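Chains as they are written, first to last, in my numbering: chain H, 1101 to 1216; chain F, 27 to 181.
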């Protein structure tokens, strides 16, 4: 059941992004920025948490879940450490992913060349 | 020096041309694109759910499983990009490949590979976040601001 909900909600978010690309003047980077900001705001309103409870990875894997994870980490650490936590917590959930992207991105780019 | 009349005529002609061009340029196949994005994006999220379940079955809570799940999916996206495979998924599925976190990894690794020819420091080093950078900048900006507001108005 959790696989089905992840497919359904994750797919719906991606389809929404595709419709935005096809019907507006948004370029892909604009669309991605819009989704990450929307995720951060919906998280602050408590809506995205409910979506994560409902759909798990279907809500967390899309880039809107990245925005949610930043808000959530920031808020979680702020409750623990005070105002400093707002900053230390921002990459609480996403820092591992960002480091992975930088480290393995560099290693792979050094080892492989783009196909012409 | 163009008279106002000639200017108006020119604008009329331009408007006519734009109407003509708009009627000829093919419209993107909305339904086909949305369905493909739905299916491919959904499948990637399903794979993410599988990774998350694997971490949770080893005793992590859902919260604790988020970071390793994102990192694993990023690693998968990075490797598929290195093998020049993600590019094909992206061409086929559009937002279905771009929105999942694997697409984030794809933009980083593809940029690093492409800009390597401009040098290791000013090419690869400086430009690997050319697309993923805005996502990080506005994600952190909005995330921290939203968290600040929530924290100030905590009950």
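Glycine included, every Cβ here is placed at the ideal spot set by N, Cα and C. Since the structure is predicted, the reported quantities are computational estimates derived from the model, not experimental observations.
Check, Outcome
"Close Cβ partners of residue 133 of chain F (< 7 Å) along its chain, the five nearest in sequence each way excluded", "157 and 158"
"Other residues of its chain near residue 7 of chain F: CB distance less than 8 Å, five sequence neighbours each side excluded", "Nothing about residue 7 of chain F can be read from this structure; chain F reaches only from 27 to 181."
"Endpoints, alpha helix (DSSP H) assigned at residue 1129 of chain H", "1128-1144"
"Burial state of residue 1146 of chain H (16 or more Cβ within 10 Å)", "exposed"
"C-alpha gap between residue 1214 of chain H and residue 151 of chain F, whole angstroms", "16 Å"
"Beta-ladder partner(s) of residue 126 of chain F, from DSSP", "H/1162"
"Reduced DSSP category for residue 1116 of chain H - H, G, I as helix; E, B as strand; rest coil", "helix"
"Every unbroken alpha helix (DSSP H) within the region 100-158 of chain F, with a cutoff of 4 residues, ordered by chain", "112-119, 121-124 and 127-141"
"Limits of the alpha helix (DSSP H) - the one that residue 1152 of chain H falls within", "1147-1155"
"Simplified DSSP state of residue 171 of chain F, which is helix, strand or coil", "helix"
"Whole-angstrom distance between residue 31 of chain F and residue 1133 of chain H, CA atom to CA atom", "44 Å"
"First through last residue of the alpha helix (DSSP H) which encompasses residue 72 of chain F", "56-82"
"Any C-beta of chain H under 8 Å from that of residue 174 of chain F", "yes"
"Residues that residue 164 of chain F contacts on chain H, provided the C-beta gap is smaller than 8 Å", "1133, 1136 and 1137"
"8 Å Cβ cutoff, residue 1171 of chain H in contact with chain F", "yes"
"Contacts of residue 1184 of chain H in chain F (Cβ-Cβ under 8 Å)", "Within 8 Å Cβ-Cβ: nothing; residue 1184 of chain H doesn't reach chain F, min ~12 Å."
"8 Å Cβ cutoff, residue 38 of chain F in contact with chain H", "no"
"Spatial neighbours of residue 104 of chain F in its chain, beta-carbon cut-off 6 Å, leaving aside the 5 residues before and after", "131 and 135"
"Under 9 Å (Cβ pairs) to chain H, residues found in the region 88-112 of chain F", "88, 89, 92, 93, 94, 95, 96, 97, 98, 99, 100, 101, 103, 104, 105, 107, 108, 109 and 110"
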